[in-house]
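So the sequences go chain by chain: V and S. For the first sequence, our numbering begins at 1 and goes up steadily by one. For the second sequence, our numbering begins at 254 and goes up steadily by one. Positions of the beta carbon are idealized from the N, C-alpha and C atoms, including for glycine. Only a predicted model underlies this, so the values are computations on that prediction, with no experimental measurement involved. Data block below; observations after.
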Amino acid sequence: MPLAKRIIPCLDVKDGQTVKGTNFINLRQAGDPVELGKKYSSENADELVYLDITASHEGRKTFTDMVRRVAANISIPFSVGGGINELKDVDRLLNAGADKVSINSAAIHRPHLIDDIAYHFGSQVCIVAIDAKLEENGQWYCYLNGGRIRTDHQLLDWAKEAADRGAGEILFTSMNHDGVKHGFANEALAQLSESLPIPVIASGGAGCMEDFKNTFLVGKSDAALAASVFHYNEISIPDLKHYLRREGINVRI
Amino acid sequence: MEVAIIKYNAGNIYSVVHALKRLGTDPIVTDDAETIKGADCVLFPGQGEAAKTMEYLRERHLDSLIKELAQPVLGICIGMQLMCSCSEENDATCLGIFDVPVKKFVSPARELKIPHMGWDSLSDMQTPLFKGLNTGDYVYFIHSYYVPLNEHTIAQNNYILPFSAAIHKGNFYATQFHPEKSGTIGNTILQNFLDIASQS
């Protein structure tokens with residue numbers, strides 16, 4: 001059996017609570033992040049992603065405390081992201097018990113941060129998250145600060161550079177698909193997956209179980225991330241995994 | 254039961270501490286020779302780079318200490334690789350508890366990415382370390398180097414080629430995967446190791 005495709009619930013955390021945005025705005029509450037993580041872990045989620053969407057200094061401290069509680073309670077790998085700007089942020093979060101960190105805006109501002117994380121902690125801890133939008137000219141452009149600021153970086157070029165610098169995985173969120181629930185950006189994902197020597201995590205667009213099948217088969221994704229469909233019980237992870245296995249996709253049950 | 258975890262410059266040691274606490278033990282993380290020698294069992298976990306880690310162990314004389322331990326010892330991931338004779342990772346000379354070299358994965362195809370990362374299955378399991386497990390059970394791997402199949406292999410995985418998911422010799426056990434990150438299957442393996450220690 002080949003390596004299992006991974007299902008990854010993503011928890012956006014603000015002031016110690018899980019929230020979920022639609023198209024990057026209008027946040028809704030979805031519960032205690034540690035309890036929710038335990039629930040997903042018991043349902044055989046393969047990994048968890050916790051994103052700190054608080055900006056304040058106090059919020060950062062609350063988030064680090066939460067990471068400690070997650071590490072003490074959950075026996076599957078989890079990554080953390082949001083507000084990671086320098087090595088000492090990485091050190092703090094790994095020390096709190098996170099397995100991996102994801103960096104986004106900071107990596108575009110200072111690409112050398114990727115090299116530094118890979119050198120000091122190993123590529124396996126470094127996820128480079130990319131938010132990108134497909135424009136009318138057919139090109140994907142990368143965005144900063146949760147999709148607020150457009151850059152001239154093109155998706156594939158930036159993903160390749162990140163991999164060359166030592167990223168261990170690419171987490172690609174399509175801003176066109178995020179929150180819309182009509183499936184993942186499989187064409188772009190397949191291109192990424194075929195061009196990169198590292199795993200690609202699909203994000204943005206999960207609405208039904210078939211969307212997951214398609215991102216593994218058509219998008220050639222190594223993992224699929226989703227938030228609201230799991231938080232609001234629209235899709236249960238055990239049902240999803242049984243469905244995927246019936247469809248011939250290797251998943252851990 | 255006294256459970257000692259060897260403290261050294263590797264990542265992810267605390268996830269092993271948490272996992273063992275969830276199993277009702279109170280592990281101590283230490284580099285003190287007497288504490289380690291006096292423990293009922295010892296874990297040698299972590300993530301890291303082989304050459305630098307070996308240098309760190311030698312400077313603190315932990316290399317000879319680990320080799321001479323007589324109680325059950327469980328190496329995890331880089332801990333397992335360091336128990337072998339040498340590693341292709343920066344040509345490190347390792348502890349030599351297992352007379353097997355550690356090799357680097359070479360991918361024959363784009364879809365076989367390196368590192369081997371994620372949930373993969375176990376087969377050909379032997380010894381009480383795997384009591385209660387079934388062929389095909391999934392555990393979490395994250396590694397770019399591997400231990401080839403050898404006379405000490407007690408579990409296999411097949412990624413690019415069949416390799417040792419776990420090895421055993423005398424009081425030394427080691428897993429390439431991370432039981433502390435492998436959910437309930439991983440908890441069973443850690444509990445089995447504690448049971449081995451309490452019976453020896």
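Closer than 7 Å at the C-beta level to chain S, one finds these residues of the stretch 199–215 of chain V: P199. Apart from the 5 residues on each side of it in sequence, I130/V sits with its Cβ closer than 8 Å to the Cβ of N104, C142, L155, W158, A159, A162, I170, L171, F172 and T173 in its chain, given in chain order.
Counting C-beta atoms within 10 angstroms of its own C-beta, T346/S has fewer than 16 neighbours from the protein chains shown and is therefore classed as exposed. Comparing alpha carbon positions, the residue from L113/V, A223/V and S123/V closest to N250/V is A223/V.
Under the 8 Å Cβ criterion, the stretch 263–271 of chain S counts as touching the stretch 291–301 of chain S, having at least three qualifying pairs. Residues of chain V with a Cβ closer than 8 Å to the Cβ of E341/S do not exist; the shortest Cβ-Cβ separation is about 16 Å.
By the rule that beta-carbons nearer than 8 Å mark a contact, K305/S does not touch chain V. Residues of chain V with a Cβ closer than 8 Å to the Cβ of P368/S are, in chain order, S123, Q124 and G168. Only exposed fits P238/V, as fewer than 16 other CB atoms lie within 10 angstroms of its CB.
Residue environment: I259/S is assigned as buried (16 or more neighbouring CB atoms within 10 Å of its CB, all protein chains considered). Among the residues facing chain V, Q300/S is included, as its CB has a counterpart in that chain under 8 Å away. The contact set of G277/S on chain V, defined by CB atoms closer than 9 Å, is empty, because the minimum CB distance reaches about 14 Å. Taking C-beta separations shorter than 7 Å and ignoring five residues to either side along the sequence, the partners of C337/S in its chain run C347, F351, V353, P354, V355 and V400, following chain order.
Relative to the Cα of G204/V, the nearest Cα in the group S236/V, K133/V and Y243/V belongs to K133/V. Residues of chain V with a Cβ closer than 7 Å to the Cβ of N440/S are, in chain order, S75.
For G332/S, the enclosing alpha helix (DSSP H) starts and ends at I331 to L335. Shown in chain order are the members of the stretch 222–249 of chain V whose Cβ falls below 9 Å from a Cβ of chain S: D222 and A223. Counting along the chain, the unbroken alpha helix (DSSP H) around N73/V starts and ends at H57 to N73.
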